[in-house]
Amino acid sequence: MSGDRQDDVAGTGVVLSGIDSPVVTATVRLVTPFVLTFGLFTAFHGTSSVGGGFQGGVVVAASIVLVLFSFGLDRTLRWLDTTAMTVLAVGGVLVFAGVAVAAIGFGGPYLDLSAYPVPKAVVYGVELIELGIGATVATAIVAMVVEVGRWGRR
Amino acid sequence: MSNALPLLVTLPVAAAVLPPVLARRFDGVGWPIAAAASVAQVALAAWVAWSVAAEGPMRLVVGGLPATIGIELAADRLSVAFLLLVALAGLWGLAYTRRGGPRSATGYTLYLLLLAGLTGICLTRDVFNLYVFLEVSGLSAYALVAIGDDADAAPAALHYLLVGTVGASLYLLGIGYLYLGTGTLNMAALAEQLRTVGYDGRLATAAFGLIVVGLGVKVALFPVHTWKPDAYRAAPAGITAVLAALVSTVAAYALLRLLLSVFTPAFFAANPVLAGALEAAAVVSIVAGTLLALLQDDVRRMLAYSSVSQFGIAVGGFALGTRLGLVGGAVHLLGHAVMKSGAFAATGVVEAAYDASTVDEFAGAAERVPVTSGAFAVLAFGLVGLPPLVGFFGKWYVALASVRAGSWVLAAAVLASTALSLTYFARVVQRLYFERRDGDGRADPSAASPGMVASGVLAALVALGLGLASATLVDLLLPAIGGGLP
Amino acid sequence: MGTAVTAGALGWGPYVLAVGLVGLGLFVLVDDDNLVKKVVGLNLFQTGIYLFYVAGAFRVGGRSPLTVDPGGGPYVNPLPHVLVLTAIVVGVSVTALAAALVVRIHDEQGTVRASELRSAGVGDRE
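Protein chains in written order, with the numbering used here: chain A, 1 to 154; chain B, 1001 to 1486; chain C, 2001 to 2126.
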């Protein structure tokens, strides 16, 4: 990982130079917004073509991990809010559970989205669920990479 | 209201995600959330149990879809028995872990996810859904084994993970065969399709082999049992108790459910060779588990190998294919779950309060921890199979079923393992009561909270109660086995 | 909705490859000394199983089952693809947990080689 300081990776004796690669950082700066948008696009299009919540979430996570690799753990952690990530992860699961259980309140069996008195309820319900899944998956993967990265420098 | 079935899984999952976020604000929030969720789970499970006993089986297809393409959840008397076991054991374990188990919020997240996965296995009638819940509970179990501070914890957890994932993947391959041959994943629809496709074709037999081996890994039959002693030794005592009660038991229930509802006893009638092979594997487990247990010095490893042999007895009962064999195996599973978990809880108390882990170090513990030693003695004799504890009745039904079916080898193995297990359990009880040891090591009587002691005693009492009520238990379960399937 | 496994235009090739991956993955898992490679072997093993499912979903002359594409005709069976997706998610979680455990073992024991762990008396005690 390039970063902004000397780094003895995991005590192996390998020291990385602390110089950023301008090509990498410029490319990542340029590409990341598009990748994030593509991730959202993939997440929403699961029902009609290739995609889905998990896939979109992984794409979003991949873009954040890309930023982590090119800019280094310290600089990324300055703007990456771990509390927000935890809330998003938890929120994603609770959204799915909420959508499924609330269907009971509207009279249908569990997870029967057509029971909602909203037009095109199935479409919107599925999209909400995909968003929740994507949020949970993306934050979980980023959290795992950040955690293993933190261990690596002890 | 059959919507209770998916709620039984949703509740622990929703509760499981709360500790990590609440732990940022409050301290020690894990246990109260787990306790509240467990109490609610027990209440809901009890309601479902009463409803099934009074009004018959309950079923629901998630999303209101037709059963062949949707995920069906169903509760009949057999499922409900194991559902109650999971819910009650989940609550029971919390009495131990209050002092003796994981402190972290993530520990309780994993605990609740484990309960959710196991509950899902008990309720699902979709073979792929069973794989998902098997892996959810499996991942939670692997992580819970690693949560201790032992140097052994991470290698044991990794070993468990590698072996367990191979097992679950073999199960996945097996159901892949079933799907490609029949076009459905629903258990009832699969049973019908298999009848048409034929039980003696390569498809059904290959699927059977893969599924049995896959679930056998999770049940820890010989020779794929190697993860169990290491995992049970390395995990914190409260976690080991809950894992011993639930993980392999519910995997064995899954095997029973598939044998009963997908393959049906007609499969065994059409494939006597396979039935014989399964029985032989069970016999090998029984014998190998008992012999290996005899060789152990460490009490937890001894109990783990004893589990290998006990699950061999249960699977042997299933392999017979008769109603008595199936229900005997189920009763044995339930009884063993109660007794083994209590034994691990009692062992944990002795380890903590008396600083003992090997059989020799247990010497004289009865003076320091009399109540726990008494509970351990009762549970040990239950595991050997002395009446009126439930351990006797489980083995009795399986042995009786094997004699009736003409499987003398299985009956002999059950009897032989009972006699041999008396040896290694009596050895421990003798050390507890009739021997002393020099020096107290780092004995710390205050390390054992009343909750930890009470959990062992409670397990012993439940084992006794189940034993006294075993005939009623069999009568309650029999309608669900053979004949009236939902 | 009964389906029959058709040999199809690709013949038994994908199935043989799937079995090959399963066997290769198992071999690496069991035989290699390095824990990281064991995890890789596990992934290979699981990939072989995914390939088995996807190969079973193929139909000769089938079209991709997307609702946005016009035209009818025989579709490739989408259900095994969904099953494989779920299995991949499970595989990701398992691999992540395994990787975390390997990192922890390296932290605590200083090695990721199973033989060195055994001689240090840690784990695998049979």
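In this text, a Cβ means the ideal position worked out from N, Cα and C, and glycines have one as well.
{"Asked": "Please state the DSSP three-state secondary structure of residue 1001/B.", "Found": "coil"}
{"Asked": "With DSSP collapsed to three states, give me the class of residue 1360/B.", "Found": "helix"}
{"Asked": "Determine the chain C residues that contact residue 1010/B at a beta-carbon separation under 8 Å, and present them in chain order.", "Found": "Residues of chain C passing the Cβ test: none, with the nearest at roughly 18 Å."}
{"Asked": "Would you kindly report the start and end of the unbroken beta strand (DSSP E) that includes residue 1073/B?", "Found": "1072 to 1075"}
{"Asked": "Less than 6 Å between C-beta atoms, sequence neighbours within five positions excluded: which residues of the same chain meet that for residue 1157/B?", "Found": "1142, 1145 and 1146"}
{"Asked": "So does the segment 1232 to 1248 of chain B actually touch the segment 1259 to 1275 of chain B, counting three or more Cβ pairs closer than 8 Å?", "Found": "no"}
{"Asked": "Does residue 2116/C get closer than 8 Å to chain B when you measure Cβ to Cβ?", "Found": "no"}
{"Asked": "Beta-carbon separation of residue 1335/B and residue 1241/B under 8 Å?", "Found": "no"}
{"Asked": "Assuming the contact rule is C-beta atoms closer than 8 Å, residue 1376/B and residue 1353/B should be a hit. Round their C-beta distance to whole Å, please.", "Found": "Not confirmed; about 12 Å, so no contact."}
{"Asked": "So, does the CB of residue 2035/C fall closer than 8 Å to a CB anywhere in chain A?", "Found": "no"}
{"Asked": "Along the chain, where does the beta strand (DSSP E) containing residue 1132/B start, and where does it finish?", "Found": "Where residue 1132/B is concerned, there is no enclosing beta strand (DSSP E), although the alpha helix (DSSP H) it sits in stretches over 1127 to 1145."}
{"Asked": "Determine the closest residue to residue 1259/B out of 1305/B, 1222/B and 1319/B, with distance taken between C-alpha atoms.", "Found": "1319/B"}
{"Asked": "Using a Cβ-Cβ cut-off of 8 Å, state whether residue 148/A counts as contacting chain C.", "Found": "yes"}
{"Asked": "Return the bridge partner residues of residue 1433/B from the DSSP annotation.", "Found": "DSSP, once it has assigned bridges, lists no residue as partnering residue 1433/B."}
{"Asked": "Can you find a C-beta in chain C that's less than 8 Å from the C-beta of residue 1155/B?", "Found": "yes"}
{"Asked": "Determine which residues of the segment 1058 to 1072 of chain B have a Cβ less than 8 Å from any Cβ of chain A, and write them out in chain order.", "Found": "1060, 1061, 1062, 1063 and 1064"}
{"Asked": "Does chain A have any CB closer than 8 Å to the CB of residue 1017/B?", "Found": "yes"}
{"Asked": "Quick one: is residue 144/A near chain C, going by C-beta distance under 8 Å?", "Found": "yes"}
{"Asked": "Given a cut-off of 8 Å on the beta-carbon distance, is the pair residue 2025/C and residue 2044/C in contact?", "Found": "yes"}
{"Asked": "Indicate whether at least one CB of chain B lies closer than 8 Å to the CB of residue 116/A.", "Found": "no"}
{"Asked": "Would you mind working out which of 1109/B, 1417/B, 1406/B and 1005/B sits nearest residue 1046/B, comparing C-alpha positions?", "Found": "1005/B"}
{"Asked": "Looking at the C-beta of residue 2119/C, does it have a partner C-beta in chain B at a distance below 8 Å?", "Found": "no"}
{"Asked": "In angstroms with no decimal places, state the Cα-to-Cα distance between residue 1381/B and residue 1422/B.", "Found": "8 Å"}
{"Asked": "Quick check for students: name the residue ranges of the beta strand (DSSP E) that lie wholly in the segment 1013 to 1092 of chain B, counting only runs of 3 or more.", "Found": "1058 to 1061 and 1072 to 1075"}
{"Asked": "Touching or not, the segment 1091 to 1109 of chain B and the segment 1150 to 1167 of chain B, by the rule of three or more beta carbon pairs under 8 Å?", "Found": "no"}
{"Asked": "Are residue 1097/B and residue 1238/B touching if we call contact CB-CB under 8 Å?", "Found": "yes"}
{"Asked": "Does the separation of the CB atoms of residue 1316/B and residue 1283/B fall below 8 Å?", "Found": "yes"}
{"Asked": "Taking the straight line between their C-alpha atoms, what separation do you get for residue 1025/B and residue 1019/B?", "Found": "10 Å"}
{"Asked": "Are at least three pairs of beta-carbons, each pair with one atom in the segment 1319 to 1331 of chain B and one in the segment 1388 to 1397 of chain B, less than 8 Å apart?", "Found": "yes"}
{"Asked": "Which class does residue 2043/C belong to by DSSP, given the choice of helix, strand or coil?", "Found": "helix"}
{"Asked": "Identify each residue in the segment 53 to 86 of chain A for which the Cβ-Cβ distance to at least one residue of chain B is less than 8 Å, and report them in chain order.", "Found": "83 and 86"}
{"Asked": "Measure the alpha-carbon distance for residue 2074/C versus residue 2061/C and round it to whole angstroms.", "Found": "7 Å"}
{"Asked": "Residue 1020/B CB to nearest chain A CB: under 8 Å?", "Found": "yes"}
{"Asked": "For a contact defined as C-beta to C-beta under 8 Å, what are the partners of residue 1013/B on chain A?", "Found": "93 and 97"}
{"Asked": "Where in the segment 1279 to 1330 of chain B do unbroken runs of the alpha helix (DSSP H), each at least 4 residues long, occur, reported from the N-terminal end onward?", "Found": "1299 to 1320"}
{"Asked": "Using the beta-carbon count (16 or more within 10 Å), is residue 67/A buried or exposed?", "Found": "buried"}
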